[in-house]
Amino acid sequence: MTVESTAGTATAAVPELVQLLTPEGERVEHPRFSLETTPEELRSIYRDLVLVRRFDGEATALQRQGELGLWASLLGQEAAQVGSGRAQRPGDWAFPTYREHGVAWCKGVDPLNLLGMFRGVNHGGWDPYEKNFQLYTIVIGSQTLHATGYAMGITKDGTDDAVVAYFGDGASSQGDVNEAFTFASVYNAPVVFFCQNNQWAISEPTERQTRVPLYQRAAGFGFPGVRVDGNDVLACLAVTRWALERARNGEGPTLIEAFTYRMGAHTTSDDPTRYRIADELEEWKLKDPIERVKAYLVHEEWADQEFFDAVDAESEQLARRVREGVRNMPDPDPTSIFENVYAEGHALVDEERAEYVAYAASFDGSEEVGEGR
Amino acid sequence: MSTATAPAAASGATTTLTMAQALNTALRDAMREDPTVLVMGEDVGTLGGVFRITDGLAAEFGADRCLDTPLAEAGILGSAVGMAMYGLRPVVELQFDAFAYPAFEQLLSHVAKMRNRTAGRLPLPITIRIPYGGGIGGVEHHSDSSEAYYAHTPGLHVLTPATVADGYGMLRAAIASDDPVVFLEPKRLYWSKDEIAPGPVEPIGRAVVRRQGTSATLLTYGPSLPVCLEAAEAAKAEGWDLAVVDLRSLTPFDDETVTAAVRATGRAVVVHEATGFGGPGAEIAARVTERCFHHLAAPVLRVTGFDIPYPPPMLERHHLPGVDRILDAVARLQWEQ
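Chains D and G, in that order, are what the protein sequence lines are. Numbered by the numbering used here, the letters in the first sequence go through residues 147 to 519 in order. Numbered by the numbering used here, the letters in the second sequence go through residues -3 to 333 in order.
Rendered as structure tokens:
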């Protein structure tokens, strides 16, 4: 067994994180995970982080204004998502949870497309095959098996594409996730299990899911597990790239535990003040994923105020576009609910559609057709 | 839809097979014709499946097209979802009816809904084969009739063959379907023998009148078809000429054939092994009543498994619909009016 752990034992008080950029913005080296970055790449990373946070914040605001029914904010997890997202090649697939807005951004999915399901007009408005980004999966952990099966398909053709399966600390308790670990291991599937341990599964702390650091779970399944500073975009990028390389080279799955923090509520329906203390939040604010990149850029003199102002301006522009786009989203056609239930016609569904259309049309105009009464 | 033909078509002659052999032949032919078809499940490889339905497939097509999987049903179906996304056409075997339940979440929340939630962009052409039903003296959890759970789920087709020919033809059609199909195999009919005549494979979703009759119509499917045919023979002694309809597909449901067959006699009994409350018979009786009310001389009756957990093997004959219980129901169809 060659399980690569970055920490000692389960009882280690503070397991060592892979870190390449400290919270203070100091670039540090790691003996196993190196990363070459150009100033241009770093500026681009910074831009991704800021834009993702901005449209995420706008979505939260839109929910508060009644434009969205729900929003699951990624606040605090930008580095884990942008780092792992940027590590992927276009041919790689990502299987997200419902919070992977930053990964979607890196894959090239328009943020506006993410908002349709939260506004309630569809179940996910993008074509998974267009950017190799599956629709959001809300059932906890199920998508890790889909990711594994897709990776098993890749194995059949022998291409060097790979898959990243996203999930969280809560999902680590799910049978599906553990079955995905088993399948990926025994079939040596090219899949990277990217766990964002944001410390909270709605109200339950990670201690309710596990007594060992999550990355150590990999050992029992026979593949490497690595814990990475999930608020360090460079470390997330380096470790995910490394894991994807392993997958491409036929070395099988890897578990990455990105140690991060959910700065906001689970969703806009949640009230985290009922279960966690403000001190914790303050502590994690000091580890902000964006501030450290900015400090590094400033220190190295790779970006000036003009650059930061331009990124801010672009983020405001993006927020405006998202706001207007959401407000202008057309209401879906009522009869569309009968579509795509089956490939071809289906007598039952077709009959119900015809009946409902006739029923809706029977109103004399004093009520809107398709009002649903 | 499939353009496949029955296995004997090439030679133009009929072949005598068991249903197990017909299913095996269907899998083999589908795999030969389409390299994206693969079979996966517990013990399907070297062993050829606990019922030998996948016998010889691993030898012919290799372990990467006939996968022995870990013992994890959600894992099997969940990874089949990913394979289908990749462009493959998985045929999943879930070893026994009640062993399929760990895969329920994947089936209901993902397999059944994927086409709809992706606006048609991500179809899942997965066939899920499940040996089901009782009558083989199986220990606990080996005799469930779970079709109502699946038929209740939009997005799935639910098929069950009752004849050897349908074992071949319907499985080919299921594999060729671009929708997920739950393919329920009546395990006590695995060893039934019959001739398969050459001919094109029919599309799914049509019921068949297996026996014409004038007195009353028995509506049934899967393992209960032979029982109903036997009951129809026995009914002759009572002076009843019973029609028997083999539904073959619970969804899509062939209202047209069923409605015509019930209107022709004015009396109907639904027969299935599954428990009665909320079972397929309830839906069928409702549909028949909605469509045939003025043609009916009596309420639609049901002969089903009792609303109890499946009994131990020594007692299962009391639970399963038999000839006498069917004839008793026919006798209650208000003949004296």
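Ideal placement from N, C-alpha and C gives every residue a C-beta, glycine not left out.
Best match in the options for proximity to residue i [C-alpha to C-alpha]
i      : options                           : result
D:F279 : D:A389, D:E485 and D:A308         : D:A308
D:V249 : D:A507, D:L195 and D:I300         : D:L195
G:S142 : G:V160, G:F100 and G:R168         : G:F100
G:G41  : G:V33, G:L63 and G:W236           : G:L63
G:F95  : G:L120, G:P119 and G:R125         : G:R125
G:G165 : G:R202, G:I132 and G:A231         : G:R202
G:V267 : G:P248, G:H153, G:R168 and G:L297 : G:L297
D:F339 : D:R245, D:N324 and D:H492         : D:N324
G:T21  : G:H314, G:I171, G:E226 and G:P222 : G:I171
D:D202 : D:V487, D:A218 and D:E213         : D:A218
D:Y502 : D:I436, D:S482 and D:N486         : D:S482
D:H436 : D:D477, D:Q223 and D:Y361         : In the sequence as presented, His is not what sits at residue 436 of chain D; that position holds Ile. Closest by alpha carbon: D:Q223.
D:Q355 : D:C382, D:P257 and D:N343         : D:N343
G:T159 : G:R328, G:R113, G:F47 and G:I192  : G:I192
D:V164 : D:D375, D:L360 and D:N268         : D:D375
G:G44  : G:Y82, G:Q91, G:A70 and G:A26     : G:Q91
D:R473 : D:F241, D:G266 and D:D238         : D:G266
D:N334 : D:G316, D:A347, D:W239 and D:G304 : D:G304
G:L84  : G:W331, G:L167, G:P31 and G:D140  : G:P31
D:E490 : G:P157, G:L19, G:G151 and G:E279  : G:G151
G:A228 : G:E234, G:L238 and G:E89          : G:L238
D:L188 : D:T283, D:A500, D:R438 and D:R467 : D:R438
D:G212 : D:R469, D:R499 and D:D238         : D:R469
D:K253 : D:D273, D:T419 and D:Q451         : D:D273
G:P119 : G:H148, G:L155 and G:Y82          : G:Y82
G:W236 : G:A18, G:D51, G:R48 and G:A327    : G:A327
G:T156 : G:L221, G:A230, G:A282 and G:D324 : G:L221
Nearest-angstrom Cβ-Cβ length linking residue i and residue j, presumed shorter than 8 Å
i      : j      : result
D:T118 : D:Y312 : Beyond the ends of chain D as shown, which are 147 and 519, falls residue 118 of chain D; an answer cannot be given.
G:L73  : G:L103 : 6 Å
G:V241 : G:T253 : 7 Å
D:V379 : D:V174 : Incorrect: roughly 14 Å between the Cβ atoms, too far for contact.
D:A441 : D:G215 : That pair is no contact at about 38 Å.
D:A226 : D:T352 : Actually they do not touch by this definition, with Cβ atoms about 15 Å apart.
D:S190 : D:T386 : That belief does not hold up - the Cβ atoms of D:S190 and D:T386 are roughly 16 Å apart, past 8 Å.
G:K189 : G:T300 : With 8 Å as the limit, G:K189 and G:T300 do not qualify as a contact, their Cβ atoms being about 28 Å apart.
D:F367 : D:T328 : 6 Å
G:P127 : G:D162 : Wrong, their Cβ atoms sit about 15 Å apart, outside the cutoff.
G:D251 : D:A493 : 7 Å
G:S211 : G:T261 : 6 Å
D:L427 : D:M409 : 7 Å
G:L316 : G:A294 : The Cβ separation is near 24 Å, so there is no contact.
Interface residues of chain G facing residue i [CB-CB closer than 9 Å]
i      : result
D:L494 : P150, T247, P248, F249 and D251
D:T328 : P66, A68 and G71
D:R268 : The question names Arg, but residue 268 of chain D is Asn in the sequence shown. Simply R113 and A115.
D:V310 : Result: empty, since nearest Cβ-Cβ is about 13 Å, beyond 9 Å.
D:V332 : T65 and P66
Chain D contact residues for residue i, given Cβ-Cβ distances below 8 Å
i      : result
G:E101 : V285, S288 and D322
G:R111 : N486, V487, Y488 and A489
G:L84  : G299 and K302
G:V77  : L291, H292 and G295
G:S105 : V285 and S288
G:M81  : P274, Q280, H292, G295, Y296 and G299
Amino acids of chain D, ordered along the chain, whose beta-carbon sits closer than 7 Å to that of residue i
i      : result
G:D60  : K302
G:R117 : D273, P274 and Y275
G:H290 : Here the premise fails: no neighbours, minimum Cβ distance about 20 Å.
G:D175 : Y488 and A489
Chain-ordered chain G contacts of residue i [CB-CB under 8 Å]
i      : result
D:E325 : P66, A68, A70, G71 and G74
Exercise. Examine the Cβ distances between the segment 284 to 293 of chain D and the segment 386 to 399 of chain D and report whether three or more of them are shorter than 8 Å.
Key: Verdict: no, contact absent.
Quiz item: Using 8 Å as the threshold, is the segment 444 to 453 of chain D in touch with the segment 228 to 240 of chain D, meaning 3 or more CB pairs across them?
Solution: Under the Cβ criterion (8 Å, minimum of three pairs), the segment 444 to 453 of chain D does not count as touching the segment 228 to 240 of chain D.
Quiz item: Do the segment 173 to 183 of chain G and the segment 121 to 141 of chain G make contact, defined as three or more Cβ pairs closer than 8 Å?
Solution: The segment 173 to 183 of chain G makes contact with the segment 121 to 141 of chain G, as at least three CB pairs between them are under 8 Å.
Quiz item: At what residue ranges does the segment 369 to 425 of chain D contain a whole run of the alpha helix (DSSP H), taking only runs of 4 or more?
Solution: Taking only runs of at least 4 residues, the alpha helix (DSSP H) segments lying wholly in the segment 369 to 425 of chain D are 379 to 394.
Practice problem: Give, in chain order, every unbroken run of the beta strand (DSSP E) that is at least 3 residues long and sits entirely within the segment 22 to 60 of chain G. | Solution: DSSP runs (the beta strand (DSSP E)) wholly in the segment 22 to 60 of chain G: 33 to 37.
Quiz item: Would you say the segment 206 to 216 of chain G touches the segment 244 to 252 of chain G, given that touching needs at least three Cβ pairs under 8 Å?
Solution: As far as the Cβ criterion goes, the segment 206 to 216 of chain G does not touch the segment 244 to 252 of chain G, which means the pair count is below three.
Quiz item: Do the segment 188 to 207 of chain D and the segment 398 to 407 of chain D touch if we need at least three Cβ pairs shorter than 8 Å?
Solution: Counting Cβ pairs under 8 Å, fewer than three are found: no touch.
Self-check item: Inter-stretch contact (C-beta, 8 Å, three-pair minimum) for the segment 271 to 282 of chain G and the segment 133 to 150 of chain G
Solution: Below 8 Å, enough C-beta pairs join the segment 271 to 282 of chain G and the segment 133 to 150 of chain G to call them touching: three or more.
Exercise. Give a yes or no on contact between the segment 126 to 133 of chain G and the segment 309 to 317 of chain G, applying the rule of three or more CB pairs nearer than 8 Å.
Key: Enough Cβ pairs lie closer than 8 Å, so yes.
Practice problem: Would you check if the segment 20 to 39 of chain G and the segment 47 to 65 of chain G touch, i.e. whether three or more CB-CB distances between them fall below 8 Å? | Solution: A contact is defined here as three or more CB-CB pairs under 8 Å, and the segment 47 to 65 of chain G meets this definition with respect to the segment 20 to 39 of chain G.
Exercise. Examine the Cβ distances between the segment 51 to 59 of chain G and the segment 109 to 116 of chain G and report whether three or more of them are shorter than 8 Å.
Key: These segments do not touch.
Quiz prompt | Runs of beta strand (DSSP E) wholly within the segment 229 to 303 of chain D (minimum 3 residues, chain order) | solution = Within the segment 229 to 303 of chain D, the complete beta strand (DSSP E) runs of at least 3 residues are 239 to 241.
Self-check item: Every unbroken beta strand (DSSP E) inside the segment 173 to 250 of chain G [3 residues or more]
Solution: As far as the segment 173 to 250 of chain G is concerned, its whole beta strand (DSSP E) runs of at least 3 residues are 177 to 182, 189 to 192, 204 to 207, 212 to 216, 238 to 242 and 245 to 247.
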